[in-house]
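Protein chains in written order, with this note's numbering: chain A, 46 to 249; chain B, 46 to 249.
Ideal Cβ positions, reconstructed from N, Cα and C, are used throughout, including at glycine.
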DNA sequence: ACTAAGATAGTAGCAAATTACTTATCTGGT
DNA sequence: ACCAGATAAGTAATTTGCTACTATCTTAGT
């Protein structure tokens, strides 16, 4: 039992990573706003006060979480897009990569589309806004490329289509949030994407 | 100055209505979760404790708010749909009626799509779920009618299209939430709806 | 005069942050 | 290899501040 009482001490860097990890888990379970530092501490067998050895404020934790998400998500999307031979395929691959990412980390959309967005003047809001508008710009950019290759009509409004793209993801997330877990998130995603695709494709 | 100190006393019914009204306003400004009963009281020149003369718990206030929203929204949507001559037009009219409703009451989507959804086992969650899934069912129903009249392809998945419809609204809301107010919510809505429409319309 | 809305002044509980103290782990000099 | 001292992670207890809710008293309106 001595072994059990031996507390492993982690470096601040490692501990920060763990805090980020459990925060995401907890946010998935009970919603971002109701995760307390006590919850975090409990989840990693630590005392509540210890959290503040590694982050000055709780807000800083969420900032770190969002930055972690941004990094991971962008990596996944870039990788998906890089395997495409044309802009339309890139959009499709990105979409399904995003859906897969969400399936694996159900908390992510909850973070990005949560009330965190509404805390005015916060760094968090700026971060989230940056991610979403950057994403939108990326999709719109690909659509412009598609236009140049006449894969979509020249009069298509790229920005509007990008907004619809984002909304499509939000809709799917809400769908799966209301009607049981990821029941058929992938399947639903495929069907919806076909409609989207048909909506923007070149009229034959 | 005597006039100023004269406090008007409202009946509990009237006061409840006012509480609902200011709650929606405040939720639009600072987010549902951070509205306190003190905020509400301040907004109507009342003491915090007085709130509880009219609602037993704070949750009851949000329940009343959601029911108010449901009633109003449904009325707006039904009225819009009733003016249509065919199912597709009904969907279009409903969509723009919804967008107009949101423009007038920016807090509404914030309530429906907020973290309230994540409070498991609550009456609130059930209410919100009911509204959204009912809405979705309505759209899907109209699409089925459209199918019967060959206005949309028979192989269209109505439910998926309905999810996309909801997502479209969410996307627009997020868009206007991030990039300044209702700058061009109406205009954006029109452009996006065209894409959606083309996506579900019968291939010619 | 009676009823019920409102005021006043609380209470209990929770959550973020801080303080003083403890001890594991790392470091450099012998 | 070793050990003394510095460093920093962890603990425990507490503070501070807020928030939902309540008990008691007051007074407007009928």
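Residue i to residue j span [Cα, whole Å]
i              : j              : result
residue 130(B) : residue 193(B) : 15 Å
residue 230(A) : residue 214(A) : 10 Å
residue 92(B)  : residue 236(B) : 47 Å
residue 196(B) : residue 133(B) : 8 Å
residue 89(B)  : residue 109(B) : 18 Å
residue 62(B)  : residue 153(A) : 37 Å
residue 72(A)  : residue 138(A) : 27 Å
residue 127(A) : residue 190(A) : 14 Å
residue 224(B) : residue 55(B)  : 40 Å
residue 175(B) : residue 81(A)  : 29 Å
residue 178(A) : residue 220(B) : 9 Å
residue 100(A) : residue 69(B)  : 34 Å
residue 125(B) : residue 238(B) : 16 Å
residue 167(A) : residue 240(B) : 34 Å
residue 116(B) : residue 105(B) : 16 Å
residue 147(A) : residue 146(B) : 31 Å
residue 218(A) : residue 234(A) : 10 Å
residue 232(B) : residue 141(B) : 10 Å
residue 144(B) : residue 60(A)  : 46 Å
residue 123(A) : residue 209(A) : 20 Å
residue 222(B) : residue 74(B)  : 11 Å
residue 173(B) : residue 118(B) : 12 Å
residue 180(B) : residue 98(A)  : 48 Å
residue 157(B) : residue 157(A) : 16 Å
residue 242(A) : residue 107(A) : 35 Å
residue 149(B) : residue 53(A)  : 56 Å
Cβ neighbours of residue i in the same chain (closer than 6 Å, five flanking residues each side left out)
i              : result
residue 113(B) : 65
residue 151(A) : 73
residue 111(B) : 172
Per-residue contacts from residue i into chain A (C-beta, under 7 Å)
i              : result
residue 186(B) : The contacting residues do not exist; residue 186(B) stays about 17 Å from chain A at best.
residue 236(B) : 202, 205
Spatial neighbours of residue i in its chain, beta-carbon cut-off 7 Å, leaving aside the 5 residues before and after
i              : result
residue 206(B) : 188, 245
residue 136(A) : 184, 187
residue 159(B) : 77
residue 86(A)  : 92, 93, 95, 96
residue 120(A) : none
residue 103(B) : 82
residue 67(B)  : 85, 88, 89
Chain-ordered neighbours of residue i on chain B, where CB pairs are closer than 8 Å
i              : result
residue 128(A) : What residue 128(A) touches in chain B: nothing, since even the nearest Cβ is about 25 Å away.
residue 233(A) : 205, 208
Interface residues of chain B facing residue i [CB-CB closer than 9 Å]
i              : result
residue 219(A) : 158, 162, 177, 208, 211, 212, 215
residue 114(A) : Within chain B, no residue comes near residue 114(A); the closest Cβ sits about 16 Å away, beyond 9 Å.
Classification of residue i by the beta-carbon crowding that lies within 10 angstroms, buried from 16 upward
i              : result
residue 203(B) : buried
residue 78(B)  : buried
residue 216(A) : buried
residue 212(B) : buried
residue 199(B) : exposed
residue 182(A) : exposed
residue 58(A)  : exposed
residue 155(A) : buried
Amino acids of chain A, ordered along the chain, whose beta-carbon sits closer than 9 Å to that of residue i
i              : result
residue 241(B) : 209, 240, 241, 244
residue 77(B)  : 160, 163
Own chain partners of residue i with C-beta closer than 8 Å, once the 5 adjacent residues on each side are dropped
i              : result
residue 270(B) : As shown, chain B starts at 46 and ends at 249. That puts residue 270(B) outside it, with no answer to give.
residue 170(A) : 161, 162, 163, 164
residue 247(A) : 195, 196, 197, 198
residue 201(A) : 188, 192, 245
Residues that residue i contacts on chain A, provided the C-beta gap is smaller than 8 Å
i              : result
residue 153(B) : What residue 153(B) touches in chain A: nothing, since even the nearest Cβ is about 14 Å away.
residue 174(B) : 223
Extract the residue ranges of the alpha helix (DSSP H) inside the stretch 97-179 of chain A, only unbroken runs of 4 or more that lie entirely within it. 103-127, 132-149, 152-157
Tell me the start and end of each unbroken beta strand (DSSP E) in the stretch 57-98 of chain B that is at least 3 residues and wholly inside, in chain order. Complete beta strand (DSSP E) runs here, min 3: none at all.
Counting only runs that start and end within the stretch 203-241 of chain A, where is the beta strand (DSSP E) found for 3 or more residues in a row? none
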